[in-house]
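Chains as they are written, first to last, in my numbering: chain A, 1 to 427; chain B, 1001 to 1427.
All residues carry an ideal CB built from backbone N, CA and C; glycine is no exception.
Have a look at the structure below before the remarks.
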């Protein structure tokens, strides 16, 4: 029995590793098109910034490690160009080599969307998606000493890259075609991010399309990700409405024995009840783990996502989970929201103001989402909201939560509880 | 209609304030036996330490504030010596004054348990429960310059006070009559706290009863709290098995129109399903809020506690929620536990190892509790566990949680998820 995994970063290696732990006798082969496997892609902005000094810090494991420690064969530079499910084999670009499989995990990831503007193909335009991208960009920064950077897109990658470039002394402008940052349709969150960027003299231009690169000697395209689904789709694997691979809760595609996981696949969103395409490393790992278990004969399910994310914008944590009020309205809910600002911990323990916005459905009083920003304690609070969303909590239960309190860590009324109390009066 | 509140610290003032917001026409009187109201008792160790420079920082509101801003009459130095519910009045010690009530909230708090040993009544023995206690102790430290402190009891107050005294240059010994710290019956947590104390040259003696004060010029009694229930019990208010006032989910006692909240009352424990006596400021405030709402005519319920607590021991956060394995066994569960150590965030963002122990019931796979210790990120993770316990989550759901990930804040597999994965294999 051979398990073949296409893709050797987060989802693919999680799948392979989990399958190995479940079935020591399985033959497991991972095909990775790039030169590197198992790298922490979320660390690329910090490698660019210089906080991560050596790309080696981001490489978690080597193919050699997988071979000797886990009995998993990992081939790099192995690009799959087609899948023939009838024959249970994939075809590589190199010499049209064919590799047989009994079970297949598709973890082909995603690639950056490209923007179309004058000069988009010129050498000062970069993406920051792979370790190779980061290496190229670092080389360019060192060799060409660019002074004016244009970041196209105000999503995670765009904002984190803006931070990294600014800290390297470049003048940075972020342009975003929508009216908001981070794809949330949230004006207050956008305002908070804008103020933070401006404090560090980063220019944010919303509602703006880039037409050319005039005035910039460096541009980063960070306009989102597109799932790599072409070879899967050609093989008859169904896609979902967002264009990513449709999977059931076992991460199986419509083709029996063919699983998909990670940035190429949809995930069930527990708040909307529908599949969503929100490619993130933590989700990829969780999906991969389930795909690997099931490819090895288990029958596990992936619990779904609630859309939790966090990023650092010049020392301010920005996090959200679930839906913004605007997103909730578009999903057919009747959202009501409350926003409060409260201290992260006692003032004499350097507590900082944090803003918590909660959204609930006025028809059911169910919590639909939350967003938080502040210099301290954001990650812990968004995780409470993520856990509440997973459990479909109602607002009146959220305000009852028995959260930890001592002055070094929190305030006696936790900001999340204060926000829930406020919202409870309104729904 | 007059609402009378006995006690002007956490629960009492929360009750009074909430009642006022609900009913602007209610007459509200708060009787506080001490000189101070509304102080942050949880900050007392930090006042002792010197981090809080001025006791005024701990006084949140004054009686004057309550009178002018909230139309609530607060009388300090007003000690209630009896309640006559038949007459709907309380009797004060001063001139046997009688004060009528229509609704009554009992928020009489708790007092330190006393230990019996030779010298227990001598002037170098202190408790740290009220602001006056802290003032007296600070005066003693300044005037007498004691060198060797004995802390009796290794609960929150004992450990926090040991920290505060050590940072003031005293040699500190903590003695505890049980085999464990913090009343958890948890040997690993005890070991972690012991190592931390020893690193800062604080001596911890377990299984030890104090017989005398030989060798010490300062002693702190921190052997736990006893609820102040005497006047309530004499008036016919029922007590629960732990000796605190029994309340229903509306915070009402067996006497109609008489509510109790805070450190004098029991709270329903959602993990055991039985009332518990765990006096903490955050619980007191929540209970008081519900008592005040219902005394003002609402019909709200208190959701209960899961036993969450956190403290700082020389820079190490120590937190728990729910039951330890030993506690779970005594409650009739069949506990299984898993303990892992993982980084709080990426190493290049100064991530620190944290230990997470989770306990589940092997019969139902339900999460029963968790404990966490480490130098970073403890408060956020214990709150995830507290939220999971509130929602009666099972282990296999806990490992599915969509928690926030970015290198400045977490690791791609959150320590709570890693612990849940580990435990999932065992239940």
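Using a Cβ-Cβ cut-off of 8 Å, residue 140 of chain A does not count as an interface residue toward chain B, since no Cβ of chain B sits closer than that to its own. About 25 Å separates the beta carbons of residue 177 of chain A and residue 136 of chain A, which is beyond the 8 Å limit, so they are not a contact pair. Under the three-state reduction of DSSP output, residue 324 of chain A falls in the coil class, being neither helix nor strand. Within the stretch 286-319 of chain A, the residues whose Cβ lies closer than 8 Å to any Cβ of chain B are, in chain order, 286, 302, 303, 304, 305, 306, 307, 308, 309, 310, 311, 312, 317, 319. Beta bridge pairing from DSSP links residue 1413 of chain B with no other residue. At a cut-off of 8 Å, the C-beta of residue 268 of chain A has no neighbouring C-beta in chain B. Membership of residue 31 of chain A in the beta strand (DSSP E) is indicated by the continuous run 27-31. Shortest Cα-Cα distance from residue 402 of chain A to any of B:1274, B:1093, B:1285, B:1295 involves B:1285. If you check the CB distance, residue 1149 of chain B and residue 1218 of chain B come in under 8 Å.
Counting every other CB atom within 10 Å of its CB across the protein chains shown gives residue 1100 of chain B a total below 16, marking it as exposed. For residue 1423 of chain B, the closest C-alpha among the options B:1249, B:1165, B:1362 is that of B:1362.
Excluding its 5 nearest sequence neighbours in each direction, residue 2 of chain A has C-beta neighbours in its own chain below 8 Å: 26, 27, 28, 29, 100, 101, 102, 103, listed in chain order. By the Cβ test, the stretch 326-335 of chain A is not in contact with the stretch 381-394 of chain A, since fewer than three Cβ pairs between them sit closer than 8 Å.
Here residue 1075 of chain B is bridged, per DSSP, to B:1031. When only Cα atoms are considered, residue 96 of chain A and residue 32 of chain A end up about 16 Å apart. Here the stretch 409-422 of chain A makes contact with the stretch 339-358 of chain A; the two share three or more CB pairs at distances below 8 Å. Remark: C-beta atoms of residue 1082 of chain B and residue 1289 of chain B do not approach each other more closely than 8 Å.
At a cut-off of 8 Å between beta carbons, residue 1390 of chain B contacts chain A. Counting only unbroken stretches of 4 or more residues, the alpha helix (DSSP H) elements lying wholly within the stretch 223-248 of chain A are 230-234, in sequence order. Classified as exposed, residue 1241 of chain B has fewer than 16 neighbouring CB atoms from the shown chains inside 10 Å of its CB. Three or more pairs of CB atoms, one per stretch, sit closer than 8 Å, so the stretch 156-163 of chain A contacts the stretch 38-46 of chain A. Non-local C-beta neighbours of residue 339 of chain A in its own chain, meaning closer than 6 Å and more than five positions away in sequence, comprise 357, ordered along the chain. At a cut-off of 8 Å between C-beta atoms, residue 1358 of chain B does not count as an interface residue with respect to chain A. In the three-state reduction of the DSSP assignment, residue 334 of chain A falls in the coil class. For residue 82 of chain A, the pairing in a beta bridge is given by DSSP as A:91. For residue 40 of chain A, same chain residues with a beta-carbon under 6 Å away, outside a window of 5 residues either side, are 58 in chain order. Using a Cβ-Cβ cut-off of 7 Å, residue 1379 of chain B is close to 380, 404, 409, 410 of chain A, given in chain order. The beta carbons of residue 155 of chain A and residue 182 of chain A sit about 6 Å from each other, so the pair counts as a contact at 8 Å. Counting other Cβ atoms within 10 Å of its Cβ, residue 68 of chain A stays below 16 and is therefore classed as exposed. For residue 148 of chain A, the pairing in a beta bridge is given by DSSP as A:171.
For the options B:1060, B:1009, B:1019, the alpha carbon positioned closest to that of residue 347 of chain A is the one of B:1060. Contact between residue 279 of chain A and residue 225 of chain A holds: CB atoms are separated by about 5 Å, below the 8 Å threshold.
Interface flag for residue 1397 of chain B against chain A is set, since a Cβ pair is found closer than 8 Å. In the structure shown, residue 1066 of chain B adopts helical secondary structure according to DSSP, grouped into three states.
Contact between the stretch 252-269 of chain A and the stretch 115-122 of chain A is not established, with fewer than three Cβ pairs separated by less than 8 Å.
DSSP, read as helix, strand or coil, puts residue 1038 of chain B in coil.
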